[in-house]
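Enquirer: Residue numbering for the sequence shown follows the working numbering, starting at -12 and increasing by one per position.
The C-beta atom is built at its ideal place from N, Cα and C for all residues, glycine as well.
Before we start, here is the structure in question, set down as structure tokens.
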Amino acid sequence: MSSDDVLQLFRDSGALLEGHFILTSGLHSTGYLQCAKVLQYPQHAEALGRALGEAVRAAGLEVDVVLSPAMGGLIIGHEVGRALGVRAIFAERQDGTLTLRRGFALQAGERVLIVEDVVTTGKSTVETAVVARAAGGVVVGAASIINRGGGADLGVPYVGLASVSFPTFAADRIPPELRDVPAVKPGSRTPR
């Protein structure tokens, strides 16, 4: 699946949004990709998971388990796990801290792939990797449908299906033309 194919799925699903958005990072942007709108269609979720699984294999990453941060990584993490033939688990917030719950655990030395829907700053990926390592896993890489961050340093090999670049602005540096547009917070977490 090419980058253009991925972005066309977003367009077709109404998931490529324009306006004034507050990202989880706290940055403001003129564009947003709402992955949940694409992943609501099982055929799209399966195709994206299969394509991401193929990209992970092509990168030479050997994986025992997929670990995703809730909420955004749940569906695509499950689909990548299915494509790779490995189990897929998730970490979620408890009292503001990302952790393994629901009986999820890692065996010492298990090779972990962190899977997300979108990587922007990489903070969620790095935070999920900390959870994996604390549970005994060895993080072998990270993957996402969309690379929005360009050069975020994740500390492990990274695979993405498509890259996009929307301008982002700190809250105190929003351009005048964007200040007049009501801000929307479409993500699953409170901005930092």
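Alpha carbon to alpha carbon, how far is A121 from I62?
Expert: Sequence index remark: in the sequence shown, residue 121 carries index 134 (1-based). Sequence index remark: in the sequence shown, residue 62 carries index 75 (1-based). Cα to Cα, A121 sits roughly 24 Å from I62.
Enquirer: Unbroken beta strand (DSSP E) runs of length 3 or more, entirely within the region 128 to 167: which are they?
Expert: Segments of the beta strand (DSSP E) lying fully in the region 128 to 167: 145 to 150.
Enquirer: Evaluate T112 with the Cβ neighbour count: other Cβ atoms within 10 Å of its Cβ, from every protein chain shown; 16 or more gives buried, anything less gives exposed.
Expert: To locate residue 112, count along the sequence shown from 1; it is residue 125. Buried.
Enquirer: Beta-carbon within less than 8 Å of V143's beta-carbon, same chain only, minus the 5 sequence neighbours each way: which residues are those?
Expert: Along the sequence shown, one-based indexing puts residue 143 at 156. I101, A116, V126, V127, G128, A129, listed in sequence order.
Enquirer: Measure the Cβ-Cβ separation of A75 and V99 and say whether it is below 8 Å.
Expert: What you label residue 75 is simply residue 88 of the sequence shown in a count that begins at 1. What you label residue 99 is simply residue 112 of the sequence shown in a count that begins at 1. Their beta carbons are not under 8 Å apart, which means A75 does not touch V99 by this criterion.
Enquirer: Could you please give me the residues that DSSP links to T86 through a beta bridge?
Expert: Working through the sequence shown from its first residue, we reach residue 86 at position 99. Answer by DSSP bridge pairing, in chain order: E79.
Enquirer: Run through DSSP, which three-state label would P178 get?
Expert: If you number the sequence shown from 1, residue 178 lands on position 191. Note that P178 has pLDDT 47, beneath the 50 cutoff, so the model's placement of it is unreliable and the number below is only indicative. Correct three-state label for P178: coil.
Enquirer: Going by C-alpha distance, which of A170, G109, V171 is nearest L141?
Expert: For the purposes of this step, residue 141 is taken as residue 154 along the sequence shown, with counting starting at 1. When only C-alpha atoms are compared, the closest one is G109.
Enquirer: In the DSSP output, what is S111 paired with across the bridge?
Expert: Walking along the sequence shown from the start, residue 111 turns up at place 124. Bridge partners of S111: none, in fact.
Enquirer: Let me check understanding here. Comparing Cα to Cα, which of G90, S55, R44 lies closest to L71?
Expert: Numbered from its first residue, the sequence shown carries residue 71 at position 84. For L71, the nearest C-alpha among the options comes from R44.
Enquirer: Grab me the residues of P169's own chain with a C-beta within less than 6 Å of its C-beta, minus the 5 sequence neighbours each way, in chain order.
Expert: Looking up residue 169 in the sequence shown gives position 182. Once the five neighbours on either side are set aside, P169 has no close Cβ partner at all.
Enquirer: Using the C-alpha atoms, what's the distance from M(-12) back to P178?
Expert: Looking up residue 178 in the sequence shown gives position 191. Looking up residue -12 in the sequence shown gives position 1. The predicted model places P178 with a pLDDT of 47, which falls under 50 and marks its position as unreliable, so this point remains unresolved.
Enquirer: Excluding five sequence neighbours on each side, which residues of the same chain lie with their C-beta closer than 6 Å to the C-beta of S150?
Expert: Looking up residue 150 in the sequence shown gives position 163. The residues are N134.
Enquirer: Would DSSP call L26 helix, strand or coil?
Expert: Indexing the sequence shown from 1 puts residue 26 at position 39. Helix, per DSSP.
Enquirer: Please classify P163 as buried or exposed, where buried requires at least 16 other C-beta atoms within 10 Å of its C-beta.
Expert: Taking the first residue of the sequence shown as 1, we reach residue 163 at position 176. Exposed, because fewer than 16 other Cβ atoms sit within 10 Å of the Cβ of P163.
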